Each structure stands twice: as structure tokens, then as C-alpha cells.
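Undergrad: Those protein sequence lines, which keep their order, are chains A and B. Going by the working numbering, the first sequence opens with residue 1, and the numbers climb by one from there. Going by the working numbering, the second sequence opens with residue 114, and the numbers climb by one from there. Virtual Cβ for every residue (Gly too), placed ideally from N, Cα, C. Model, not experiment: these values are computed from the prediction.
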Amino acid sequence: DGGITQSPKYLFRKEGQNVTLSCEQNLNHDAMYWYRQDPGQGLRLIYYSQIVNDFQKGDIAEGYSVSREKKESFPLTVTSAQKNPTAFYLCASSTGQAKNIQYFGAGTRLSVL
Amino acid sequence: AQSVTQLDSQVPVFEEAPVELRCNYSSSVSVYLFWYVQYPNQGLQLLLKYLSGSTLVKGINGFEAEFNKSQTSFHLRKPSVHISDTAEYFCAVYHFGNEKLTFGTGTRLTIIP
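#1: Looking only at its chain, what residues have a beta carbon closer than 7 Å to the beta carbon of A:Lys5, apart from the 5 residues adjacent to it on each side?
#2: Mind checking A:His29: buried by the 16 CB within 10 Å criterion, or exposed?
#3: From B:Val144 to B:Tyr202, what does the alpha carbon distance come to, in whole angstroms?
#4: Near B:Asp121, what residues of its chain come up, given a Cβ to Cβ distance below 8 Å and the 5 sequence neighbours on each side ignored?
#5: Could you check whether the Cβ of B:Leu222 sits closer than 8 Å to any Cβ belonging to chain A?
#6: Exposed or buried, what is A:Gly16 when buried is set at 16 or more other beta-carbons lying within 10 Å of its beta-carbon?
#7: Using 8 Å as the Cβ pair cut-off and three pairs as the minimum, do the region 60 to 76 of chain A and the region 35 to 50 of chain A touch?
#8: Find the nearest neighbour of B:His188 within the set B:Thr199, B:Gly172 and B:Ser197, judged by alpha-carbon distance.
#9: CB-CB under 6 Å to A:Leu113, same chain, minus the five flanking residues each way: which ones, in chain order?
#10: Count the other CB atoms within 10 Å of the CB of B:His208; is the residue buried (16 or more) or exposed (fewer)?
#11: For the region 127 to 156 of chain B, enumerate the residues whose C-beta is nearer than 9 Å to any C-beta of chain A, in chain order.
#12: Quick check on DSSP: helix, strand or coil for B:Asn181?
#13: Hey, how far is the Cα of A:Leu110 from the Cα of A:Arg36?
#14: Please determine, among A:Ala31, A:Asp54, A:Asn26 and A:Ala81, the residue with the shortest C-alpha to C-alpha distance to A:Glu62.
#15: From the DSSP output, read off the bridge partner residues of A:Asp54.
#16: Note down, in chain order, all residues in the region 94 to 113 of chain A with a beta-carbon under 8 Å from any beta-carbon belonging to chain B.
#17: Among B:Val142, B:Val206, B:Thr218 and B:Arg190, which residue has its Cα nearest to the Cα of B:Val126?
#18: B:Pro153 to A:Val78, Cα distance in whole Å?
#19: Beta-carbon of A:Tyr47 versus every beta-carbon of chain B: anything under 8 Å?
#20: To the nearest angstrom, report how far apart A:Leu43 and B:Thr218 are at their CA atoms.
#21: Alpha carbons only, please: which of B:Ser186, B:Phe176, B:Leu146 and B:Leu159 is nearest the one belonging to B:Thr215?
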């Protein structure tokens, strides 16, 4: 089945630690996105990538980093500079022909120990 | 500035009653409009979309929405809700030339037996 796989489902971060969230898609989509979801705030865009080896900052990129070395993969690193990382993180992808229709993974819930 | 407003953060509805979830947007350019549904601890699933053509669009699970350009609205409706419709619903707008989706803050729909 085609889809977007996010792992792990739950993740815990210690003070000063960097953690990486995985996002893999087998839909052959060109564009991929990372969102952060907090209660009552909807989804906010962290980073997005429209093509391999290229990515752009979204609205809340500070404290996060990404890479796009392969079309299928778009990992997100939450760095120690992100002082409030507790949230639900969602990865999405879309085709080059209809970039506006985005398909989502099941999410990763990150908590701070 | 482009924005999406979902005025109702929570909507309780009795089972088999009709429901309307409101969405208004602001944009100076053409838009595509979407409704997504999110069940607890899951990703977002596309419910329906308006790209062009008829202003009344039908989606999955018996939902429909009407695009009103003059009122810049895209309200979601269902004539008779079921317990399984309990979820959070997000309105999203794609602004031409922006390459990004802007999400509303979500409406939590609770069905009362």
C-alpha cells in the first residue's frame, strides 16, 4: 500500500538532546512538508521541500533542521535550541502536478523528559 | 495577509442531527479550499476539496461544503451525524503563488448519543 510512514509514534527528549523524526513516502511525490500541531493552534509549517536537495523554511523553523537527500525521505531534527518541543509532529507530501493536495502521515508525538 | 478562521473551537451535536462547521478565509488571490478530518492520535485525512467548477462539493462520509466567493466562506455540512463523526475538523486554504497550505485552528466535533 502506498502511503506516508512516520516513526517513531512516540518520542521522548532529554534536556539538551537533539532528536530526529523519520518521514518516508512511497507515493513518488515531489514535495514534502513538516508541521507542528499544538492544541488550539492548528497546524504550523516548519519546513518544506519541493524537490530533492532543496528545502525552505516555513513559519516556525527556528530550532529545527531538515535534509532531503532522497525523494522518499524527509527527516526532521529537533535541536536543543528548540526550547518548547513538546507537540504532535505531522509529515505530509504532495505531487508536483497538484502541490496543494497534501497527504499526511500518522504523526509523531514528542515529549520532554 | 492570508488567514483562515474557524470561529467555533468546539461543536457538540446530538446524534442524527444536522451540523455545520464554519470556515472563513481572507485572500487577495485565487484559492483552493480543503476540509481535513483528524481522528484522535492520527494524521489528517482529506474530507473534500474545492478547486474549480460547482461551488457545492461532496466528500467522504456524507459531508459536503459550499464555496461562497462573495462571503469568502467554505462551510462544511452534514445532514445527519453519527457517533463515528467525532473528530477534529480543519479547514485549509491554498493561495495561488504561495505554494503552501494555511490551516485554521480546527473545530472539535463531539456527537452526543
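TA: Judging by the given coordinates:
#1: Position 5 of the first sequence holds residue 5 of chain A. Here the sequence assigns Thr to residue 5 of chain A, which means Lys is not the residue at that position. Glu24 and Gly105.
#2: For the purposes of this step, residue 29 of chain A is taken as residue 29 along the first sequence, with counting starting at 1. A:His29 should be labelled buried.
#3: Along the second sequence, one-based indexing puts residue 144 of chain B at 31. Along the second sequence, one-based indexing puts residue 202 of chain B at 89. The straight-line gap from Cα to Cα measures roughly 19 Å.
#4: Locating residue 121 of chain B in the second sequence gives position 8, counting from the first residue. Cβ within range, chain order: Leu134, Arg135 and Thr220.
#5: The residue you call residue 222 of chain B lines up with position 109 of the second sequence. No, no contact with chain A.
#6: One-based indexing of the first sequence puts residue 16 of chain A at position 16. The residue is exposed, with fewer than 16 neighbouring Cβ atoms inside 10 Å.
#7: yes
#8: Reading the second sequence from its first residue, position 75 is the one you call residue 188 of chain B. The residue with the shortest Cα to Cα distance from B:His188 is B:Gly172.
#9: Translated into the one-based positions of the first sequence, residue 113 of chain A becomes position 113. These residues qualify, in order along the chain: Phe12 and Lys14.
#10: Here residue 208 of chain B corresponds to residue number 95 of the second sequence, with the count starting at 1. B:His208 comes out buried.
#11: Tyr145, Phe147, Tyr149, Gln151, Asn154, Gln155 and Gly156
#12: For the purposes of this step, residue 181 of chain B is taken as residue 68 along the second sequence, with counting starting at 1. It is a strand residue.
#13: On the first sequence, residue 110 of chain A is found 110 positions in, with the first residue counted as 1. On the first sequence, residue 36 of chain A is found 36 positions in, with the first residue counted as 1. A:Leu110 and A:Arg36: Cα-Cα distance of roughly 10 Å.
#14: The count along the first sequence starts at 1 and reaches residue 62 of chain A at position 62. Here the closest residue by C-alpha is A:Ala81.
#15: Taking the first residue of the first sequence as 1, we reach residue 54 of chain A at position 54. Beta-bridge pairing links A:Asp54 to A:Ile51.
#16: Lys99, Asn100, Ile101, Gln102, Tyr103, Phe104, Gly105, Ala106, Gly107 and Arg109
#17: One-based indexing of the second sequence puts residue 126 of chain B at position 13. When each option's Cα is compared against that of B:Val126, the closest is B:Arg190.
#18: Here the question's residue 153 of chain B lines up with position 40 in the second sequence. Here the question's residue 78 of chain A lines up with position 78 in the first sequence. About 23 Å.
#19: Residue 47 of chain A sits at position 47 when you count from the first residue of the first sequence. Cβ-Cβ to chain B under 8 Å: no for A:Tyr47.
#20: Reading the first sequence from its first residue, position 43 is the one you call residue 43 of chain A. Reading the second sequence from its first residue, position 105 is the one you call residue 218 of chain B. Computed Cα separation, rounded: 7 Å.
#21: Along the second sequence, one-based indexing puts residue 215 of chain B at 102. The shortest C-alpha separation from B:Thr215 is found at B:Leu146.
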